[in-house]
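Presented below is the structure to which this report refers.
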Amino acid sequence: MTTPLRALIIEDSQSDAELILLELRQGGFEPTYERVETAYEMTDALRRQTWDVILADYTLPKFSAPEALALLKKTGRDIPLLIISGSIGEETAVAAMKAGAHDYLMKDNLTRLPAAIQRELREAENRAERKSLEKQLLQAQKMESLGQLASGISHDFNNVLTGILGYSDLGLAKINLGHPLYPNFITIRKLAERAAGITRQLLAFARRQTIEAIDLNLNAIISDLLKLIATTLGEDIRIKFTPDAALKTVHADIAQIEQVLMNLCINARDAMPQGGALTIETKNIHLEKADCLALPNARPGSYVLLEVIDTGTGMEEKVREKIFEPFFTTKSPGKGTGLGLSLVYGIVRQHHGTIQVQSAPGKGTAFKVYFPSVEKPAIPKPSPPSLPPRGSGTILVVEDDPAVRNLIKLVLDNFGYAVLAADSVKEGLKIFQAHSNSITLILSDMVMPEASGMDLFRKIQELKQNVPFLFISGHFNHFEDPDFLLRNNFHLLEKPFSPSELAAKVDAILRKNEFNPSDRPDLN
Ligand SMILES: Nc1ncnc2c1ncn2[C@@H]1O[C@H](COP(=O)(O)OP(=O)(O)OP(=O)(O)O)[C@@H](O)[C@H]1O
Ligand SMILES: [Mg+2]
């Protein structure tokens, strides 16, 4: 078997070059080559194509091996350069090696040339692999610290936004359309919603969104979304969906998968302002150890691959390196926030998947998203919940932030519940003990200054009281065990939430828990 070899030969004699080529062919290589004699010709050859090896004579009439080495160093390229000379003293040879030559050989004894080249190619490959791993590690560390920063900011932000959203809703409920303050309240609400949207995306990037994962078939999710995608992309973009009919199941959150798909499709649309083609493809794929080297955070195993391919503008490497960073955008202000792909990145990582992008200017872009597959049948997509009806029962609300506490109280009042409110765990416990046979649900903040929602939960458990808990928090990253939640009648609602989201959640929990609190043992 022969190995193709692209050799750049720096040599003023064609017959000497032929001798080198002969040796290479005898040594099992199939060389393609170019012979250059000057710095200008070498620069030009380096610019035109990539080379596996440079073979340089030591002295030429208008050029020399040390000059060639210096020139190569300037380009920053890692191509092994070997010196092949008719006459070279030991001292010069040592100096050349010090300057970065990889080996030197005598023209009258070239027998070890093929072996030397093989060694150099192997080493160059190792160097490239190491460099790529280092780059990946650096990138992963950068994304990790950006994630921490994002999650810190969004936590505090969420409390503020829950208040702003809720109070503007309550304000709106109290006035009618003709009121002079009506447009002001609407604007507050809209701006707060936008801020909540950004916070949500940042939290998703930081992998702090709670996932409600089920066993699903990606093809079903994509088919359901195709109509929306077609409307979003417009008439000038042809859409093709090539599903794998035998696609394996993935354990994933429907809403989040939809977000991934929509973001990739919208980006593809923006990259094809004159129209083009969008292809969505799914297939089963097994990643081997070697495949994982090129994929960030990937482990060998079975995956479902979702590919979104466009025929758009493509990206320069400089852009490609940054696309997953929050707020990186090449779009003009007001057109993009640069959060779309950060969100995609966070969601994919949270699903223990990985993402890869192939793109070149003018050649279009392909995003490859890998989700781990599971050997289970898929559950059909559930239908969306209907609006919550008026409720009944008594709810204990424990929340230290007075704005959020009063808001929840008002909302629950409006929906017909009786509300008992406490500003701390201590106070909450006291109220619970006094009213244990009427309380149907405890709604508590997770993070409070003196004792946490978790402390309250444990104290109530010690009392052997069977009461459902609904926790509200900016993020729930430590609750990834769905069994624990189910076993303990433990529910989560992420801030910021709208009044109807809160009411729907409370209604769903109480519906599932139709029991009479007065059946509980009396605590007094
Ligand atoms: N399919 C694509 N083709 C070419 N460039 C792309 C593609 N997808 C993303 N990009 C580049 O990556 C950048 C970041 O994308 P990202 O989705 O994170 O933000 P955005 O689209 O600019 O703004 P946002 O999604 O928040 O509205 C884009 O501005 C664009 O330069
Ligand atoms: Mg985008």
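Numbers 1 to 524, taken from the UniProt record's numbering, label the letters of the sequence shown in order. For every residue, glycine included, the Cβ atom is placed at its ideal position computed from N, Cα and C. Note that the coordinates shown come from a computational prediction; the quantities given were computed from them, not determined experimentally.
Per the DSSP calculation, residue i is bridged to which residue(s)?
{"i": "Lys240", "result": "Thr279"}
{"i": "Ile395", "result": "Val419 and Leu441"}
{"i": "Phe367", "result": "Val308 and Val357"}
{"i": "Phe157", "result": "Answer is none; Phe157 lacks a bridge partner."}
{"i": "Pro180", "result": "Note: Pro180 sits in no beta bridge, so no partner."}
{"i": "Ile472", "result": "Asp445 and Leu493"}
{"i": "His251", "result": "Asp215"}
{"i": "Thr3", "result": "Phe29"}
{"i": "Ser373", "result": "Val250"}
Does at least one heavy atom of ligand 2 sit under 7 Å from the Cβ of residue i?
{"i": "Gly314", "result": "no"}
Quick one: using the 10 Å Cβ neighbour count with 16 as the cut-off for buried, is residue i buried or exposed?
{"i": "Gly439", "result": "Looking at the sequence shown, residue 439 is not Gly but Ile. The residue is buried, with at least 16 neighbouring Cβ atoms inside 10 Å."}
{"i": "Ser500", "result": "exposed"}
{"i": "Phe484", "result": "exposed"}
{"i": "Phe327", "result": "exposed"}
{"i": "Asp52", "result": "buried"}
{"i": "Ser473", "result": "buried"}
{"i": "Gln256", "result": "buried"}
{"i": "Tyr40", "result": "exposed"}
{"i": "Pro384", "result": "The predicted position of Pro384 is uncertain, since its pLDDT is 48 and thus under 50; a value taken from the coordinates is nonetheless stated next. Counting Cβ neighbours within 10 Å, Pro384 comes out exposed, since fewer than 16 surround it."}
{"i": "Met272", "result": "buried"}
{"i": "Pro402", "result": "exposed"}
{"i": "Glu30", "result": "exposed"}
{"i": "Gln201", "result": "buried"}
{"i": "His286", "result": "exposed"}
{"i": "His351", "result": "buried"}
{"i": "residue 526", "result": "With the chain covering only 1 through 524, there is no way to say anything about residue 526."}
{"i": "Val94", "result": "exposed"}
{"i": "Thr50", "result": "exposed"}
{"i": "Lys464", "result": "exposed"}
{"i": "Thr32", "result": "exposed"}
{"i": "His179", "result": "exposed"}
{"i": "Ile175", "result": "exposed"}
{"i": "Ala115", "result": "exposed"}
{"i": "Glu23", "result": "buried"}
{"i": "Glu144", "result": "exposed"}
Does any heavy atom of ligand 1 sit closer than 7 Å to the C-beta of residue i?
{"i": "Phe205", "result": "no"}
{"i": "Asp78", "result": "no"}
{"i": "residue 559", "result": "Nothing about residue 559 can be read from this structure; the chain reaches only from 1 to 524."}
{"i": "Ile323", "result": "yes"}
{"i": "Ser342", "result": "yes"}
{"i": "residue 526", "result": "Since the first residue shown for the chain is 1 and the last is 524, residue 526 is missing from the structure and cannot be characterised."}
{"i": "Lys240", "result": "no"}
{"i": "residue 530", "result": "This structure cannot speak to residue 530, because the chain is shown only from 1 to 524."}
{"i": "Asp236", "result": "no"}
{"i": "Phe497", "result": "no"}
{"i": "Thr330", "result": "yes"}
{"i": "residue 606", "result": "This structure cannot speak to residue 606, because the chain is shown only from 1 to 524."}
{"i": "Thr365", "result": "yes"}
{"i": "Gly100", "result": "no"}
{"i": "Thr232", "result": "no"}
{"i": "Thr337", "result": "yes"}
{"i": "Asp270", "result": "yes"}
{"i": "Asp423", "result": "no"}
{"i": "Asp310", "result": "yes"}
Establish whether the CB of residue i and some CB of chain C are separated by less than 8 Å.
{"i": "Ile186", "result": "In the displayed structure, chain C is absent; only one protein chain is listed."}
Would you list the residues whose beta-carbon is nearer than 5 Å to any heavy atom of ligand 2, in the order they occur in the chain? Chain-ordered list of matching residues: Asn267 and Gly340.
At which residue ranges does the stretch 189-216 contain complete beta strand (DSSP E) runs of 3 or more residues, listed in the order of the chain? As summarised for the stretch 189-216, the continuous beta strand (DSSP E) elements at least 3 residues long and confined to that stretch are 214-216, given in chain order.
Beta strand (DSSP E) segments (min. 3 residues) lying fully within the stretch 276-347: Segments of the beta strand (DSSP E) lying fully in the stretch 276-347: 276-287 and 301-310.
Start-end ranges of the beta strand (DSSP E) lying completely within the UniProt domain "Response regulatory" (6-122), minimum 3 residues: Complete beta strand (DSSP E) runs here, min 3: 29-36, 53-56, 81-85 and 103-106.
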